Structure formats: structure tokens, C-alpha cells
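Asks: Take a look at the following structure, please.
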């Protein structure tokens, strides 16, 4: 009986030695000659989007099924459909939206390394996961993180929005910004810039201060058309992104983008077209 058992064990061990090893996982290295970088057009900013700029210096087309931005600096969104065949090209843009910045209430964070993850291959049925390393630090991601987290820091202390009362006086629209207490500190509104379509004229600079013990501040402002050509109205991508420069307790100045609500946007467009003689 012992001899039979020994033979069985020996047989199993020999069989195990002859078994093939499991296949190695597919490589996530990008195909030779294919690279990516990040860019942003003016029309991307209001949509919280950017461009994955793909370059292919080879004669072999590459099919991109989807792309995804992955970095600790921004919330990771699910992969977004690309469905694009990239032939030899100096640059082909794949547009994606990106997640909210991961900000800190204690100050501006440093931008973290980023990758672009894509499912790609010779065709739709032959895909593999590929990871492109974005050169660090990426200047676009650094700027987007700085701008969004600067705004976050101000919004921790106060909300800034367009007030409900607006009326046309002559060739100008007069109204106000409303600053509402949210957290601690004196919030100073130092200035407000215009946009591609509207000139901002405050009554005074700095605009006003929401003192530490105050809950609400109203700041009068006047808007007038900045451009009156029909092309400008047709290409109004950033017409309503108004930068407001503010600080807390005299600290570093930050920029908050204030956007009027849609009903007020419609009123401002109708007003500007009328004043410009286009409506």
C-alpha cells in the first residue's frame, strides 16, 4: 500500500512539473509612435472639459474605444467613449469632461501626476488597456487645479452670485452682486472683470467687504455690451463667465467665476442685441 501511494504522489509531482505557466497579462504600454498630451479650447472651459490630443507618427491606424483621465488631483470619471480611428496625424483631439478638483480647506494643493487610460487596438474587436503617462507637472492641470481650488477657498467663506434685481438704465444694465456668509473671515471683493461680451463698471474699487460679523453684502455693478458684431453673439462661449477677485482677511487674492442664472443670461442677451441694434 505504501509503494502504491508513493507512486501516485510521484506521478502527481511529475505532472505538475510539466504543466504550462499561466499566460502573462497583456502589456499596458502604449503602441510605438502613439502619444498623448492635454489641451483645452476656449469652448471647453464652461463645460469642464479638455482635449486628449493624440499623435500617431506611424502608418498603422489605432482605434481608440474610450479614454479616461486618472489623477489624484481631480475626481476620476468613468471612461468616456471616443470611437475614433487615429491614422498618421500631428494631432487629433478627443474631447472628455474631467471631474471636480480635489481641494483642501487649508490652502492650494500641488498638482499630482496624471495618466490617460485608453482601451485601444487595431479595431473595435481587438482592444487592450493602455496607460499613457502625462509629463509631470502638466501645466494645464496645474492651472485648472489652482483656479478651481482658489475659487473653492473663497466659497468656503462666502457665496457670490448675481442678485435678482436688474434693470436697463439708458444703454446700461444696472444690478448687483450678492455676497452671503458661509464661513469665517472678512471677505473682500476687490474687483470684477468683464467677459468677451460685457464690460463691467463697478461703482467703486474695491467693490466692498463682507465684514466678519456681517451676513450679507450687496455690491452695485453696471454692465454694457463689449462687442456688437453678429459674429460675437454667434460665438458666445465665455460671455457669462465673470471673474471676481476676492480675498479672505487680507490674504492672497483669489478668482471666483460668477455666472448669472439662465433667465438673467437671456435678458442680458436680449438687452445687448437691442442696444447694439441687432434685435
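Numbering (mature numbering (1 follows the signal peptide of the UniProt record, and there is no 0)), first residue to last: -15 to -1, 1 to 264.
Idealized CB from N, CA, C, for every residue including glycine.
Predicted model only: the values in this text are computed from it and were never measured.
Looking only at its own chain, which residues have a Cβ that is under 7 Å from the Cβ of residue 44, when we skip the five neighbours before and after it?
Replies: 73
Asks: Quick check on the DSSP output: the beta strand (DSSP E) that includes residue 275 runs from which residue to which?
Replies: Outside the displayed range of the chain (-15 to 264) lies residue 275, so it cannot be described from this structure.
Asks: Taking 8 Å as the limit between beta carbons, can you name the residues of its chain near residue 167, skipping five residues before and five after?
Replies: 140, 141, 142, 143, 144
Asks: Where does residue 133 fall in DSSP's three states?
Replies: Taken through DSSP and simplified to helix, strand or coil, residue 133 comes out as helix.
Asks: When DSSP labels each residue in this structure, what does residue 66 get in the three-state scheme?
Replies: Residue 66: strand per DSSP, three-state reduction.
Asks: Since I believe residue 70 is in contact with residue 61 (beta carbons under 8 Å), could you give me their beta-carbon distance rounded to a whole number of angstroms?
Replies: The Cβ separation is near 26 Å, so there is no contact.
Asks: Counting C-beta neighbours from all protein chains within 10 Å, is the total for residue 75 16 or more, i.e. buried, or is it exposed?
Replies: exposed
Asks: In chain order, what residues of the same chain lie with their CB nearer than 7 Å to the CB of residue 202, ignoring the 5 residues before and after it?
Replies: 164, 193, 195
Asks: In angstroms, rounded to a whole number, what distance separates the CA positions of residue 104 and residue 229?
Replies: 41 Å
Asks: Within the same chain, show all residues whose beta-carbon is closer than 8 Å to that of residue 199, passing over the 5 residues directly before and after it, in chain order.
Replies: Scanning its chain for C-beta atoms nearer than 8 Å, with the 5 sequence neighbours on each side dropped, one finds around residue 199 the residues 166, in chain order.
Asks: Once you ignore the five residues that flank residue 183 on each side, which residues in its own chain have a CB closer than 6 Å to its CB?
Replies: 208, 211
Asks: Closest by CA to residue 147, which one among 253, 260, 46, 80?
Replies: 253
Asks: Step through the CB atoms of chain C and report whether any lies within less than 7 Å of the CB of residue 204.
Replies: Of the chains in the structure shown, none is chain C; there is only one protein chain.
Asks: Determine whether the beta carbon atoms of residue 186 and residue 223 lie at a separation below 7 Å.
Replies: no
Asks: Is the segment 245 to 263 in contact with the segment 27 to 42, if contact means three or more CB pairs nearer than 8 Å?
Replies: no
Asks: Tell me, please, which residues DSSP counts as bridged to residue 156.
Replies: Beta-bridge pairing links residue 156 to no other residue.
Asks: Taking the straight line between their C-alpha atoms, what separation do you get for residue -8 and residue 12?
Replies: Only weak support is given to the placement of residue -8: the predicted model assigns it a pLDDT of 42, under 50, and the value that follows is read from those uncertain coordinates. In a straight line, the C-alpha of residue -8 is about 40 Å away from that of residue 12.
Asks: Look up residue 42 in the DSSP assignment and say whether it is helix, strand or coil.
Replies: coil
Asks: Just to confirm, are residue 152 and residue 205 a CB contact at a threshold of 7 Å?
Replies: no
Asks: Identify whether residue -9 lies in helix, strand or coil by the three-state DSSP scheme.
Replies: Because residue -9 sits at a pLDDT of 42, beneath the cut-off of 50, its placement in the model cannot be relied upon, and the point is left open.
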